[in-house]
Amino acid sequence: MIPRMRPEVLLLDIDGTLVDNTAQHIAAWQEAFSKLGLAVDQETLRRQIGKGGDLFVKAIAGEDWDRRHGDAARELHGVGYQRRLGEVRPVPGVNELLEGLERLQVRAVLASSSNPDEVEANLKVLGERPERFLIVDGDDIEASKPAPDVFGVALERSGVAPEQAAVVGDTRWDGEAARKVGVRFWSVLTGAGREDELRAAAAEQSFRDLGALLGFLRQL
432 MIPRMRPEVL LLDIDGTLVD NTAQHIAAWQ EAFSKLGLAV DQETLRRQIG
482 KGGDLFVKAI AGEDWDRRHG DAARELHGVG YQRRLGEVRP VPGVNELLEG
532 LERLQVRAVL ASSSNPDEVE ANLKVLGERP ERFLIVDGDD IEASKPAPDV
582 FGVALERSGV APEQAAVVGD TRWDGEAARK VGVRFWSVLT GAGREDELRA
632 AAAEQSFRDL GALLGFLRQL
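The sequence shown begins at 432 in our numbering and counts up by one.
Structure, rendered in structure tokens:
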């Protein structure tokens with residue numbers, strides 16, 4: 432049993448956890464698939480949000496379709512998401528969380544399977560500079576979530592053991608990836624994941640919002 436203690440490091444997912452962009456990602460993926468002749472409903476897309484684009488397309492359309500159209504779908508999604516960036520907002524409470532972590536001397540490490548351009552765009556939405564954080568993105572890993580690479584690299588670069596960290600994310604794919612590297616998973620109901628899905632992903636703690644997460648950390 433992992434002891435109940437304040438982590439030294441929080442490995443923070445970005446999309447849906449710090450940035451409120453689930454609807455924009457779903458719309459961009461739906462548009463991308465449609466342009467390539469595939470109609471996919473939003474709920475089917477929602478259930479796969481949180482995976483990297485490589486695994487996302489395979490999960491939606493299958494490996495054969497991905498071989499033929501995957502690169503085009505990912506490119507169209509990227510273009511569609513960039514076009515919707517003006518609609519994207521920070522998740523409520525994110526700035527207070529980041530400031531609170533500094534005061535608590537808990538290091539915030541950003542860990543995302545997204546490509547560097549999307550990570551940079553999301554940081555601009557937050558009004559944050561990349562220099563403030565240790566960041567792991569899609570260019571740093573071999574396989575995207577739910578593979579453990581992103582959190583494994585983040586752990587290695589932050590120099591802490593798994594029991595000294597916690598993963599915070601909004602989807603079950605974050606939970607699966609965290610479990611594979613032995614890090615506790617704390618879920619937030621701020622993005623694509625539903626409460627029952629996050630429970631099934633063995634979330635040690637579940638928070639309705641980022642304010643509740645910060646309040647919990649202050650009590651540890």
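From the three backbone atoms N, C-alpha and C, an ideal C-beta is built for every residue, glycine too.
By the criterion of at least three beta-carbon pairs nearer than 8 angstroms, the stretch 461-469 is not in contact with the stretch 440-450. CA-to-CA, the gap between Glu626 and Leu620 works out to about 7 angstroms.
Contact annotation: Pro547 and Asp580 have beta-carbon atoms that are not nearer than 7 angstroms. Exclusion of the five residues before and after Leu529 leaves Ala539 as the residues of its chain whose Cβ lies within less than 7 angstroms of its Cβ. Between the stretch 604-624 and the stretch 639-648, the count of Cβ pairs shorter than 8 angstroms is three or higher; the stretches touch.
In summary, Lys555 is exposed, with fewer than 16 beta-carbon neighbours lying within 10 Å of its beta-carbon over all protein chains present.
In this chain, Phe638 is not harboured by any alpha helix (DSSP H); it is covered by the beta strand (DSSP E) spanning Gln636 to Phe638. Inside the stretch 477-552, DSSP marks whole alpha helix (DSSP H) runs of 4 or more residues at positions 484-492, 494-514 and 525-535, from first to last along the chain.
By the 16-neighbour rule on beta-carbons within 10 angstroms, Glu587 is exposed.
Scanning the stretch 553-620 for uninterrupted beta strand (DSSP E) segments of 3 residues or longer gives 565-567, 596-600 and 615-619, listed from N- to C-terminal end. Gly501 and Leu535 have their C-alpha atoms some 43 angstroms from each other. Apart from sequence neighbours up to five positions away, the residues of its chain that approach Trp604 with a beta-carbon distance below 7 angstroms are Gly481, Lys482, Lys576 and Pro577, ordered along the chain. Going by beta carbons, Leu443 and Ala597 fall outside the 7 angstroms limit. Beta-carbon to beta-carbon, Gly624 and Thr602 are separated by about 4 angstroms, close enough to satisfy the 8 angstroms threshold. By the CB criterion at 7 angstroms, Gly613 and Ala634 fall outside the cutoff. In this structure, the CA atom of Ala574 is about 22 angstroms from the CA atom of Val591. By the neighbour-count criterion, in which a residue is buried when 16 or more other Cβ atoms sit within 10 angstroms of its Cβ, Gly600 is buried.
Short of 7 angstroms from the beta carbon of Gln636, and not among the five residues preceding or following it, lie these beta carbons of its own chain, in chain order: Trp617 and Phe647. Around Ser543, the same chain offers Ile445, Val550 and Asp568 as residues with beta carbons nearer than 6 angstroms, after the five sequence neighbours per side are excluded.
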